[in-house]
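With the numbering used here, letter number 45 in the sequence shown gets 981, and the count goes up by one each step, no holes.
To start, the structure itself, in structure tokens.
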Amino acid sequence: MDDVAVLAVGRTFREVHSQLSDFMMRPGGGEDWSATHHSPYSVDKFNLVNFSRKLSIKKGRLGPALQLRGHRVQPSPYHRFLGILVDCELRHHPQVADAFAKGTAWATLMRRMGQVRHGLSTGVLMRLYQAVAVPRILYAADTFLLPVRKVAGRKTSSGSVGHIKKLAQVQRQAVLTITGAMHTTVTDVLEAHLRMLPFDLLVDKFCFCAAVRLCSLPSSHPLHSHVKKASRPVASHRSQMHELLQMYSPKVTQATMEKIAPTRHPPHWEPAHLVDIASSKDDAAESEARWAQRNGIRVYSDGSELEGGVGAAAVLFNERSRDWTSLRLHLGSADEHTVYEAETVGAILGTELI
């Protein structure tokens, strides 16, 4: 059996502890479940965290202990839940310190692997940092970090400014290792040279993706009602979900998100259309001649790269009226786009013509 967390909400710690004790001792509660399932609890392994902004880890004010079944459960300053260190002050200092330690460890490993002789190349180190180090540092970043924002009429910025500045030191160590630049080089120059997002914008990207995922949940999801409730502004006791949804509103809301339901087919399902892929160029020409004799509508699409640019086009031809319509789109340079992407865009343009 995995660990179980019980969350009680009240105005005072006495009220909250009474709820926890009732949860364990009432008929059909935790004690009865333990007896009927032959799974006795080990109370000495219980962990208690009292949540309140009035508590202080530095001063040792962690709240009262919990009296449970003759045992005294002492409060802890924080506890790891689903990989996140949740502290009693709800200020996320332990989690930021843990993320900073993980990032520093990865930056040290990258420094070893990025030696001038017999080391990894710049591109490999860049992918290693983005694919391994960044997800470790910003794991569940939307639960303990708020993007930095400039507020009109205020000299200071809002958001998790201190936490983001501390974690940005890890990215500076990484870009110094990747580029091999001197330690006096400005971080913005190194990030621009590597085409890497500044760390505050990287946090903003992670939080934005999390907000989009929350707002795109279907109505059958258990979190759908909570997201709808959190999208309304509140004056006090604003949770992390409140902050994110208000920050990206009105662009990111449940009403503006497109809901794409997954398509499910039985194993014996067959498509209503016929797919015919010619094996050679001559077979394709013969197939085209047969289609031309049907006097219907034909759509041609393609994507290609030419002189460093990538583009896509689609043409709709009506055999009966001898009319044609076309759509064209220039995606950008070949450094940022591929021919495969252009082929897909060409098919989308063809569908748009139909």
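All residues carry an ideal CB built from backbone N, CA and C; glycine is no exception.
Three-way DSSP call (helix, strand, coil) for residue i in this model
{"i": "W1205", "result": "coil"}
{"i": "E1279", "result": "helix"}
{"i": "K1377", "result": "The structure shown does not extend to residue 1377, since the chain is modelled only from 937 to 1290, so the question has no answer here."}
{"i": "T1185", "result": "Here residue 1185 is Ser; the residue named in the question, Thr, does not match the sequence. Three-state result, S1185: coil."}
{"i": "M937", "result": "Bear in mind that the predicted position of M937 carries a pLDDT of just 48, short of 50, making it unreliable; the figure below should be weighed with that in mind. If DSSP states are grouped into helix, strand and coil, M937 belongs with coil."}
{"i": "Q1003", "result": "strand"}
{"i": "F982", "result": "coil"}
{"i": "R1234", "result": "strand"}
{"i": "F959", "result": "helix"}
{"i": "S1094", "result": "strand"}
{"i": "S992", "result": "strand"}
{"i": "V1009", "result": "strand"}
{"i": "R997", "result": "strand"}
{"i": "D1271", "result": "coil"}
{"i": "V1139", "result": "helix"}
{"i": "Q1109", "result": "helix"}
{"i": "P967", "result": "A quick correction: the sequence has Glu, not Pro, at residue 967. E967: helix per DSSP, three-state reduction."}
{"i": "I1073", "result": "helix"}
{"i": "K1195", "result": "coil"}
{"i": "S987", "result": "Residue identity differs from the one stated: residue 987 is Phe in this sequence, not Ser. Coil, per DSSP."}
{"i": "Q1051", "result": "coil"}
Integer-rounded CB distance, given that residue j should sit under 8 Å from residue i
{"i": "P1154", "j": "H1160", "result": "7 Å"}
{"i": "C1024", "j": "S975", "result": "Not a contact, Cβ separation roughly 29 Å."}
{"i": "L998", "j": "P1011", "result": "4 Å"}
Neighbour-count burial assignment, residue i, 16 or more Cβ in a 10 Å radius
{"i": "M961", "result": "exposed"}
{"i": "G1282", "result": "buried"}
{"i": "E1288", "result": "exposed"}
{"i": "H1266", "result": "exposed"}
{"i": "Q1051", "result": "exposed"}
{"i": "M937", "result": "Model confidence at M937 stands at a pLDDT of 48, short of 50, so the residue's coordinates are unreliable; what they give is reported in the following sentence. That one is exposed."}
{"i": "P1030", "result": "buried"}
{"i": "W1260", "result": "exposed"}
{"i": "R947", "result": "exposed"}
{"i": "H1054", "result": "exposed"}
{"i": "W1042", "result": "buried"}
{"i": "Q1229", "result": "exposed"}
{"i": "S1167", "result": "buried"}
{"i": "S1262", "result": "exposed"}
{"i": "I1290", "result": "exposed"}
{"i": "T1113", "result": "buried"}
Those residues which DSSP pairs with residue i across a bridge
{"i": "G1248", "result": "In the sequence on display, residue 1248 carries Ala and not Gly. G1239, L1265, per the DSSP bridge assignment."}
{"i": "Y1014", "result": "D1023"}
{"i": "W1260", "result": "F1253"}
Inset, instruction - Inspect the CB distances between the segment 1169-1185 and the segment 1075-1087 and report whether three or more fall short of 8 Å. - result: yes
Inset, instruction - Flag this pair as touching only if the segment 1181-1190 and the segment 1143-1151 have three or more C-beta atom pairs under 8 Å; answer yes or no. - result: In the pairwise beta carbon analysis, the segment 1181-1190 is classified as touching the segment 1143-1151: at least three pairs are separated by under 8 Å.
Inset, instruction - Determine, using beta-carbon pairs with one atom in the segment 1273-1280 and one in the segment 1238-1257, whether at least three such pairs fall under 8 Å. - result: yes
Inset, instruction - Take every Cβ of the segment 977-984, pair it with every Cβ of the segment 994-1008, and state whether three or more of those distances are shorter than 8 Å. - result: yes
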